[in-house]
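Please read the structure below before turning to the comments.
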Amino acid sequence: MDKTEEQEQYTADAAEPNNVKPYVPYIENVVGFLLMCVIAYFQRYSPVNPLIYFDVNFIYIGTMGILYGKRQSIIAMALSAVLLIYCLVHGGANVVALMYMPMHLLHLISYLFVAIVSGYFSDSRRYERQAAAWQHAADVEKYNFLKEKFEEDELTKDRLYRQILNSDDSIGRLYRIIKRLDSVAVENVFTQAASVVSEILGTYDIAVYVVGAEKRYLRQKVRMGELSAKEPRSIRVEDRDYMVRLVNDKELYVNRELVGDTPDIAAPIVYQDETIAVIEIFGMTFEQWSLNEQNLLLVTTRLIAAAMGRAYMFEADTIDKRYIPGTRFLREDAMKDIENDLVERGRVQGHLTVAEIELDQGDMTAAQLDEKVSPVIRSEDFAGLRDGRLFILLPDADDKAAEMVMGRLAKKGVTVKSHQMKKV
């Protein structure tokens, strides 16, 4: 048996009720009486010591009273009385005559006096200890109640303080939000959208999904927290009723029925009367299920949509500077910006794996290669130049996804020079 098992066995033994303990006072009382009998036997059948003329039964009765209280002292007194009468009868006295002899009656009464006095003091101290224990338990219960109320009041005070502070400083707060969303890079706007919502609502489990071109599928773009990490990377709209409302009806979704496998709150990001993305929030506390939090989320999604619009407009105006003409291949400067945005996304969500595939252009022109590559990769993947070489970046992909893409490229006649998985 090792140390852990010994500890468990010791704990189990300690947890078992002790059935012998209630009988210990009675056992000791009997042992004490037997000891008095032995002493009386050696004193020639007398409990009174002939040298000092002291009855040892007083010690026996007082000890039982001090140790265990009035009950045991009365039992000791009765046993001592029986022993005294037996010794007197053994010495030739008559039992009936003993009841009329004041000396022996006084002796028996002294037994009763010692039993009552010693038992009284012992019981009094025990009652005081019990009263102190009860008072301590009541004080602990009151303390715990007051502590719980204090913590609840602290939470309420902090929540009201934040609401008052946000109300008084709404212009500055909105300015800080707008500054963080003030970017012309679509990738960075998505990343900052999750970060801003997390800061405003005080939540740490957020997922941002991008709506596909046909509004049939959503692809996870950014995620924060452990709960959002468990969500699927791709969602079919028709499989989830709340997602249909978000994408088609553009309505805020609140999980009031506490349905499993659904977010606590979800909001659409609408641009030009079309839902382009969806923000899902998980793990909200009871206090966060308020209209104030919902209104903050709606205002934030409108700000994000405005930032998205500016980023889309910028990309449309600079498409010739960002892409190789006639292709979706990014130029080197634009490719470098995308890589920086992916690094920022990895910082926000804690980790991000990017599959990096280098292509061999061979004798094909950029337009010819684009015709073969574009149908293979997703809309949220990137292809572009770095140091004069052509790369494909697959954000949030694993080895299996990378091998599948390389297999499709091989079927299209595109040669892959190398590939690697990078954590950014």
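Every number in our numbering is 311 more than the matching position in the sequence shown, counting from 1. Glycine included, each C-beta is placed from N, C-alpha and C at the ideal position.
Could you please give me the residues that DSSP links to residue i through a beta bridge?
{"i": "A588", "result": "V521 and I580"}
{"i": "Y634", "result": "L641"}
{"i": "M715", "result": "Per DSSP, none; premise fails for M715."}
{"i": "A741", "result": "The question about residue 741 has no answer, for the chain in this structure spans 312 to 735."}
{"i": "V565", "result": "I576"}
{"i": "A666", "result": "L705 and M732"}
{"i": "Y528", "result": "R547"}
If you draw a straight line from the alpha carbon of residue i to that of residue j, how long is it in whole angstroms?
{"i": "M595", "j": "K561", "result": "22 Å"}
{"i": "M732", "j": "I668", "result": "9 Å"}
{"i": "S435", "j": "H401", "result": "39 Å"}
{"i": "R551", "j": "D674", "result": "47 Å"}
{"i": "V522", "j": "L529", "result": "5 Å"}
{"i": "G657", "j": "L663", "result": "5 Å"}
{"i": "I370", "j": "G343", "result": "10 Å"}
{"i": "N566", "j": "E465", "result": "27 Å"}
{"i": "G513", "j": "L701", "result": "41 Å"}
{"i": "I427", "j": "E462", "result": "51 Å"}
{"i": "N603", "j": "K468", "result": "16 Å"}
{"i": "N559", "j": "K453", "result": "54 Å"}
{"i": "H415", "j": "M347", "result": "18 Å"}
{"i": "Q354", "j": "I363", "result": "12 Å"}
{"i": "K632", "j": "K722", "result": "31 Å"}
{"i": "T726", "j": "K532", "result": "28 Å"}
{"i": "N455", "j": "I338", "result": "42 Å"}
{"i": "L538", "j": "H447", "result": "43 Å"}
{"i": "M412", "j": "W445", "result": "49 Å"}
{"i": "M253", "j": "I703", "result": "No answer is possible for residue 253: the residues shown for the chain start at 312 and end at 735."}
{"i": "E591", "j": "D710", "result": "27 Å"}
{"i": "D584", "j": "K458", "result": "51 Å"}
{"i": "V451", "j": "L345", "result": "46 Å"}
{"i": "L720", "j": "M624", "result": "32 Å"}
{"i": "A404", "j": "A449", "result": "59 Å"}
{"i": "D681", "j": "G571", "result": "43 Å"}
{"i": "S294", "j": "Q679", "result": "One cannot answer for residue 294 here, as it falls past the ends of the chain, which runs 312 to 735."}
{"i": "W600", "j": "G620", "result": "29 Å"}
Within its chain, find whatever has a CB closer than 7 Å to the CB of residue i; leave out the 5 residues flanking it on each side and keep chain order.
{"i": "V507", "result": "I488, R491, L492 and T611"}
{"i": "L557", "result": "Y564, A577, P579, T586 and V589"}
{"i": "F424", "result": "none"}
{"i": "A712", "result": "A666 and L705"}
{"i": "A622", "result": "S494, V495, A496, V497 and V500"}
{"i": "D648", "result": "A496"}
Which residue wins for smallest C-alpha separation from residue i, given the options the options?
{"i": "N526", "options": "V533, Y438 and R547", "result": "It should be noted that the sequence gives Lys, not Asn, for residue 526. Nearest C-alpha to K526: R547."}
{"i": "F306", "options": "V687, G699, L705 and E682", "result": "A question about residue 306 goes unanswered here, because the residues of the chain that appear run from 312 up to 735."}
{"i": "F597", "options": "R642, L569, V581 and F369", "result": "L569"}
{"i": "S753", "options": "M717, K722, A721 and F640", "result": "No statement about residue 753 is possible, as the shown extent of the chain runs from 312 to 735 and does not include it."}
{"i": "G695", "options": "R642, H418 and A616", "result": "R642"}
{"i": "V359", "options": "I385, M715, I338 and Y422", "result": "Y422"}
{"i": "M554", "options": "Q354, G637 and P574", "result": "P574"}
{"i": "D698", "options": "A721, A677, K722 and D644", "result": "D644"}
{"i": "Y819", "options": "V331, L394 and E682", "result": "The requested residue 819 does not occur in the structure, where the chain is confined to residues 312 to 735."}
{"i": "T374", "options": "C398, A404 and Y431", "result": "Y431"}
{"i": "L417", "options": "G403, I396 and S429", "result": "I396"}
{"i": "C398", "options": "Y352, Q679, M619 and R437", "result": "Y352"}
Would a C-beta distance cut-off of 8 Å place residue i and residue j closer than the cut-off?
{"i": "T502", "j": "E650", "result": "no"}
{"i": "D671", "j": "K728", "result": "yes"}
{"i": "A387", "j": "N340", "result": "yes"}
{"i": "V500", "j": "S494", "result": "yes"}
{"i": "P336", "j": "Q383", "result": "yes"}
{"i": "A616", "j": "Y582", "result": "yes"}
{"i": "I420", "j": "S391", "result": "no"}
{"i": "D707", "j": "R544", "result": "yes"}
{"i": "V367", "j": "I350", "result": "yes"}
{"i": "F593", "j": "G637", "result": "no"}
{"i": "V687", "j": "V716", "result": "yes"}
{"i": "L609", "j": "I511", "result": "no"}
{"i": "I635", "j": "A677", "result": "yes"}
{"i": "K683", "j": "G718", "result": "no"}
Who are the near neighbours of residue i in its chain, counting only those whose CB is closer than 8 Å to its CB and skipping five residues on each side?
{"i": "R534", "result": "A505, I517, A518, V519, A540, E542 and Q660"}
{"i": "A443", "result": "none"}
{"i": "H730", "result": "A666, E667, I668, E669, A713 and M717"}
{"i": "E439", "result": "none"}
{"i": "Y515", "result": "S509, M535, G536 and G594"}
Ordered along the chain, which non-local residues of its own chain (more than five positions away) have a Cβ less than 6 Å from that of residue i?
{"i": "S433", "result": "G376, I377 and G380"}
{"i": "A524", "result": "none"}
{"i": "N330", "result": "none"}
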